[in-house]
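Take any residue in the sequence shown, count from 1 to its spot, add 11: that is its number in this note's numbering.
Note that beta-carbon positions come from the ideal geometry of N, C-alpha and C, so glycine has one too.
Here's the structure, in structure tokens; my notes come after.
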Amino acid sequence: MATDRTGALLVGSIWYTEGENVELFEKIADMQAYLAEAKARGERIGFVPTMGFLHKGHLALIRCAREDDEVDRVVVSIFVNPLQFGPREDYRDYPRDLERDKELCLSGGTDALFVPAVEEMYPEGFATHVEVTGVTDILCGRSRPGHFRGVATVVAKLFNIVQPDSAYFGIKDAQQVVVIRRMVADLNFPVKVKVHPTVREEDGLAVSSRNVYLGPEERQAATVLYRSLKLAGEAIARGERDAARLKQFIEETITAEPLARLDYAEVVSWPDLKPIESLQPGEVLLAVAAYFGRARLIDNLLVEVKA
Ligand code: AMP
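Next comes the structure, spelled out in structure tokens:
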């Protein structure tokens, strides 16, 4: 990782200056004791849950928390959550680099880092899950059965442990945002869910921890995801209102790329993720997932449909 003479770190094209200190907690009780002290002083907590192997998308969320007038202390969690991976998915291979993540958190303005072990989060006898229904039936919920049950369960646990005032999520995982918002409303979590736009590489590829799986040719091919979404967005701007035609157009654009293996392309209502036939004024979500080699990548675009 590049540093200049002042110790600032280069992440993508952005320099981050080192902060003072970041406290690291592995035990739930220690994390809670630290937070209890901060809260007793009236401090408000901003929370960024991640699976680590941090990149400039995560750092944008951390910076958003740091700069939020409603936040005094920023807590980041790093936990590769086994519950949200299917049996044939990449849980074991998921990239991990805690030393690098610690440096990035420090430079990004994090006060405390929560890095629990799997046994700390799911001790023997663990038997409770959170299941959000309806909005999990489609898109990644259909391709990855049990994924959002794992996500909702871990986020509910993390919210209970950290008890943040504000929590930050990327719209890159648009369906995840919908699921978390539903859970927060349904289970009365006193947390403000705040959403950050997708951070992209210069050629449009959404930044993702899984991009490290891509070989050079796959990396180049993966730009087709955002390209297909942008072209569909432009068709909507020109007046296209037929959801099936848009879906077919996105599918054809992606399948024309020989290194892409399409998982899904969908055009759904926002924010309730319902199938639609004809686009109505308001917002519509274009969502895609495809494999490039062993990397399963997702992307999406929220498009404003004019009357
Ligand atoms: P992950 O570590 O992949 O679980 O992501 C942790 C958080 O960072 C989630 O809220 C993601 O939506 C968000 N995130 C991941 N990639 C990006 C990106 N490229 N731009 C903005 N947010 C992102």
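Those residues which DSSP pairs with Pro286 across a bridge: Partner(s): Val279.
Ligand 1 heavy atom lying under 7 Å from the CB of Lys183: Residue side-chain check: Lys183 places its Cβ nearer than 7 Å to a non-hydrogen atom of ligand 1.
Assumed close pair Ile73, Val87 - CB separation to whole angstroms, cut-off 8 Å: With 8 Å as the limit, Ile73 and Val87 qualify as a contact, their Cβ atoms being about 6 Å apart.
Alpha carbon of Pro286 to alpha carbon of Val278, nearest angstrom: Pro286 and Val278 have their C-alpha atoms spaced approximately 7 Å apart.
DSSP-derived helix/strand/coil call for Phe260: Taken through DSSP and simplified to helix, strand or coil, Phe260 comes out as helix.
Contact test: Gln186 Cβ vs ligand 1 heavy atom, cutoff 7 Å: Look at Gln186: its beta carbon is at least 7 Å from all of the heavy atoms in ligand 1.
Cβ shell of Ala167 (< 8 Å), same chain only, five flanking positions each side left out: So the list reads Val141, Met194, Leu198, Phe200, once near-sequence residues are dropped.
Val223: CB within 7 Å of a non-hydrogen atom of ligand 1: Here the distance from the Cβ of Val223 to the nearest heavy atom of ligand 1 is not below 7 Å.
Neighbour-count burial assignment, Leu216, 16 or more Cβ in a 10 Å radius: A residue is called buried when at least 16 other Cβ atoms come within 10 angstroms of its Cβ; Leu216 meets this threshold and is buried.
Residues of its chain near Arg16, where Cβ-Cβ distance is below 7 Å and the 5 sequence neighbours each way are ignored: Because Arg16 sits at a pLDDT of 47, beneath the cut-off of 50, its placement in the model cannot be relied upon, and the point is left open.
Touching by the beta-carbon criterion (3+ pairs, under 8 Å), the stretch 136–155 and the stretch 102–120: No, they do not touch.
Alpha helix (DSSP H) runs wholly inside the stretch 75–163, at least 4 long, in chain order: As far as the stretch 75–163 is concerned, its whole alpha helix (DSSP H) runs of at least 4 residues are 109–119, 129–132, 150–154.
Euclidean distance between Cα positions of Glu114 and Ile261: Their backbone Cα atoms lie some 39 Å apart in a straight line.
Residues near Ile191 in its chain [Cβ-Cβ closer than 7 Å; skip 5 each side]: Answer for Ile191: Val166, Phe180, Val204, listed in chain order.
N-terminal and C-terminal residue of the alpha helix (DSSP H) that Ala40 is part of: Per DSSP, Ala40 belongs to the alpha helix (DSSP H) from 39–51.
C-beta atoms of Leu270 and Phe303 nearer than 8 Å: Cβ atoms of Leu270 and Phe303: closer than 8 Å.
Sheet register partners of Lys2 (DSSP bridge): Nothing can be reported for residue 2, as the shown portion of the chain is limited to 12 through 318.
Residues bridged to Asp310 (per DSSP): Residue pairing from DSSP places Asp310 in a beta bridge opposite Val299.
Inter-residue CB distance, Gly244 and Leu312 (contact presumed, cutoff 8 Å): The C-beta distance from Gly244 to Leu312 rounds to 5 Å, short enough to fall under 8 Å.
Glu34 - partner residues in DSSP beta bridges: DSSP, once it has assigned bridges, lists Ala123 as partnering Glu34.
Nonlocal neighbours in the same chain, by C-beta distance under 8 Å from Tyr45, ignoring five residues either side: The answer, listed in chain order, is Glu34, Phe36, Ala123.
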